[in-house]
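Report on the following structure.
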Amino acid sequence: MNRPSFPRAALLALCVIPLTACGDDSTSATESDSGTTEAATTEGPGTSATTPTTTATTADTTSSTGVSSDGSTGETTGSSSTDATDSNATSDGTTMGISDTDGTETDGGTETDTDTDTDTDTGGPWDGLFPVEVGDVGPIDPDNPLQYPFACRTEDIGLGQPEVDNLDQIGLPVLDENDEVIGWSRDCGAKTRVDYFYLSTDPPPEGGLTPLPDPQNLPDDIATVEIDGQPHNYIVRYERGTINRFVYGIAVLEPTPADDPNAPDLSAWNDKLIFWFGGGVGIGHQQSSGLGVNRLKDSVANNPYKDGPLYQPLLEQGYAIVYSTGTVTDTTYNLRLTGTTAVMVKEHFRLRYNEPKYTFGLGGSGGAIQQFIYEQNHPDLLDGLVPTHAYADMITQTTRVGDCELLEFYFDVLDGGSATWKSWDNRRKIEGFNALNGAPSDWDFLNQGVPLGSTADPGTSECIEGWRGLSPLSLNPHWVDIDDSQQQILDHDPEGFAQTAWTFHDDLIDIFGADPESQAGYARTTWDNVGVQYGLQALLDGDITTQEFIALNAGIGGWKRPDDMVQEGFPFYGDDQNDFDIWSARNSTSTLGLPVAPRATGNVDAMHSAYYEGLVYLGEIEDPIINLMPYLEPYLDMHNSKQPFVIRQRMEDAQGAAPNHVIWALGPSEAELMTLASKAFMTLETWLDDQQKPADAIDACYTDGLALVASGDDVWDGVQTAEALDNGPCADTYEVFRGPRMVAGEDFSADIFKCTTKKLEAALEDGTYGGIEFTPEELTQLVAIFGESGVCDYTLPDAGRPDDL
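At position 570 of the sequence shown the residue is numbered 573 (the working numbering), and the sequence of numbers has no breaks.
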């Protein structure tokens, strides 16, 4: 079984290196998006093309293994009646009415009221836009930032070429049957279509669904499925189209397909909707990454356990499933844009099908993040959450993970001769994340028992196995991991490709705003480590000496400003092994050769925008949450065990308690994960029906085979306290690790962009260093490091948080 979509454990661009192997599509982009093309150099800021005039030309969109109902015959003939303008979606984005924000522009983005779903049930600006009729193109929200360049993926998904929306040569060329260009598509619209599949009484050996050639003439081998005691034909209606530039998919059992595809038979629907959110790490400029493509294309029907809209075990329980490439973080992490997309897709579902009794969220990693952020920003979207492999949000996670390569470079190179750092146990005491002596590494390209470039003994760490490669992906505007989307832009708009800044912050420049100090026009960034005392807890515990503590904090430095960054070295870019830089160290201040490497200062305006735009999970959620936690620490997976407790801590900080947050831990089995997910949906339904927490909605942990270890309010005791005293049985079974900022003194909320500092003199007097005595020479060194900035005081609020929040 394929699990819900998760971020990549390491960038797939590294598959260009001999001796490496790309994984399957549960961790990669897709079969055709393997990232096997070398990364490319880019120069200059991201830019947007001017908006052209809409034209009334269409292209052939016939493509499917099942029968298509698009209001005609499944084919287009160039008629203007199917142009995007017919469904109120204009090519300049000034679509009728949909707005998820109501605020005023600031120089850091748009400040908004986060409760933005009041129009869902009251008409207003939504009137006339939904539902999208079969054969029409879905609308684009007027607040969509309309990134350009923008890769279209409709053809890869099975919807044919995108609709022509301009003749100004902007976007993807659209071809006629003679491969002649008839126009261009910059917004990638596709006509809504419905395909049908069924479960045969004699299914293929691998399982899966069979295309239904004619839904009005049913074959004799259609299996039946029993839902609520009633037998139904096992026929799946599969609707796809575009909404807000992204491709959506909706699947539900339709036992007797209607003559009119706009009026589906819902007799087998259990009245509950599952919105399946996808994970991954994407930086925009695409309609979909390969991950989204791989969940929506026709061939998904061949795999009964493929996560996404055609996941059969949930369909045959009567659930409807919704999915959108615009709610997959492997497409983009612009959660303002993706949140609006989610609301739009659900509004279409509500008006085309019916108002769901309950809408449940499901998804791992970035799919979990979306559930927390959307529940916060769009509280009417979901009624219950089932996050797996969870993080609280993306933006605060980048701060902690950004420490990893700085630390590994220090251990491997700057202090590489030290015997201390040969032990992975000792590295773990600084990094906080798990590390294991003797563990195999995916980065051991030379079969030496250690990650490439490491000076440690055999073994490895989560910093390497889980997070290596994400620093250039998220921070360096010159580097991009080229898969099919980026290759399409490079082929058709090389100038636009070169002008695009490929970073997390630049993908969200509409939120963070351009840095006025940037010569290239790059976005403001939030990454900050001023005053952070790396390894403080290790010092207090006696695991490192005072000199090791001082040398580490003098040498670690921070990340350079984007304007000062340069192209990555091998193995991320090029094939010159003499240009080796697996740590991206050339883009850190630790390589400047200074006695004290400067720390990085984040932009407070960008931090404010992150808060105001709802990118930071603040912990205020009322709906029930069953947080599934596969325990992956033995595999050094990026989805570490502390994250559900970060979520809980934020809820406790915001609300005083978190009675609606339940944690169920289990082993690594994907099949067992989905078994628990099904149980979670039933528990949530009881919880919502009864308007009180059921007995089984309680913390628990399971071992292999879903054998219950323990359940109860105290099973995780000891995790969120400073010392693991009197641990609960689940905390004993599944050890929870920390992170570099927690080792530096941060608490479990892990929500500090920029710490509030106190003077070094105060820290020396108030017990920050326990009973440790520094020599006069060491005090002089500490003053050189922290005398001007001070040191973090984690008892005080985030200096990047607006005063009015």
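Every residue gets a Cβ at the ideal spot worked out from N, C-alpha and C, and that includes glycine.
Considering only their Cβ atoms, is the gap separating residue j from residue i smaller than 8 angstroms?
i: K757; j: V607; result: yes
i: A700; j: L711; result: no
i: D754; j: D807; result: no
i: P480; j: T463; result: no
i: Y199; j: P152; result: no
i: E623; j: Q379; result: yes
i: G742; j: C795; result: no
i: F575; j: G456; result: no
i: D388; j: D333; result: The sequence shown places Leu at residue 388, not Asp. Contact: no.
i: V746; j: G731; result: no
i: L276; j: P359; result: yes
i: R240; j: Y251; result: no
i: G292; j: S477; result: Looking at the sequence provided, one finds Ser at residue 292 rather than Gly. Cβ distance not < 8 angstroms, so S292 and S477 don't count as in contact.
i: A557; j: P519; result: no
i: W367; j: G282; result: Residue identity check: residue 367 is Gly in the sequence provided, not Trp. Taking 8 angstroms as the Cβ cut-off, G367 and G282 qualify as a contacting pair.
i: A600; j: I559; result: yes
i: G435; j: M397; result: no
i: A345; j: I650; result: no
i: T328; j: Q373; result: no
For residue i, which residues does DSSP report across the bridge?
i: P214; result: F200
i: M347; result: The partner list for M347 (beta bridge, DSSP) is empty, contrary to what the question assumes.
i: F249; result: I246
i: Q320; result: Paired residues: none, contrary to the question.
i: C795; result: T760
i: C704; result: A668 and A713
i: T391; result: G367 and L631
i: H508; result: Paired residues: none, contrary to the question.
i: K194; result: V140
i: F278; result: V325 and G364
i: I775; result: Looking at the DSSP assignment, I775 forms no beta bridge with any residue, so it has no partner.
i: V228; result: H235
i: S474; result: S474 is not bridged to any residue.
i: R431; result: Its beta-bridge partners do not exist; DSSP assigns none.
For residue i, count the other beta carbons within 10 Å of its own beta carbon; 16 or more makes it buried, fewer makes it exposed. Which is it?
i: N630; result: buried
i: G342; result: buried
i: V483; result: buried
i: E257; result: buried
i: S474; result: buried
i: V325; result: buried
i: L595; result: exposed
i: L449; result: exposed
i: S752; result: buried
i: Q550; result: exposed
i: E738; result: exposed
i: N147; result: buried
i: N590; result: buried
i: G545; result: exposed
i: M654; result: buried
Between residue i and the rest of its own chain, which residues show a CB-CB distance below 8 angstroms, the 5 nearest in sequence each way excluded?
i: G790; result: L763
i: A517; result: P48, G524, Y525, A526 and R527
Which residues bound the alpha helix (DSSP H) around residue i?
i: F583; result: Element bounds for F583: n/a, residue is neither H nor E.
i: A371; result: G369 to N380
i: M654; result: Q646 to Q658
i: A438; result: Unbroken run through A438 is the beta strand (DSSP E), A438 to N440; no alpha helix (DSSP H).
i: V296; result: G293 to L299
i: T3; result: Outside the shown range of the chain, which is 4 to 808, sits residue 3, and nothing can be said about it.
Sorted by chain position, which residues of the same chain lie with C-beta nearer than 7 angstroms to residue i's C-beta, five sequence neighbours on each side aside?
i: R431; result: N437, A438 and S464
i: E675; result: L669 and L709
i: S188; result: C155, P165, E166, V167, D168, G174, L175 and V177
i: L635; result: H642 and P671
Suppose the cutoff is 6 angstroms on Cβ atoms and the five residues either side in sequence are ignored; what does the same chain contact list for residue i look like?
i: Q491; result: A154
i: V533; result: R602, T604 and S792
i: L313; result: A254, V303 and A304
i: A766; result: V794
Following the continuous beta strand (DSSP E) through residue i, name the residue where it begins and the one where it ends.
i: L711; result: A710 to S714
i: H235; result: Q233 to N236
i: G558; result: From DSSP, G558 is part of no beta strand (DSSP E) but of the alpha helix (DSSP H) over T549 to G558.
i: G186; result: V184 to S188
i: G462; result: G462 to S464
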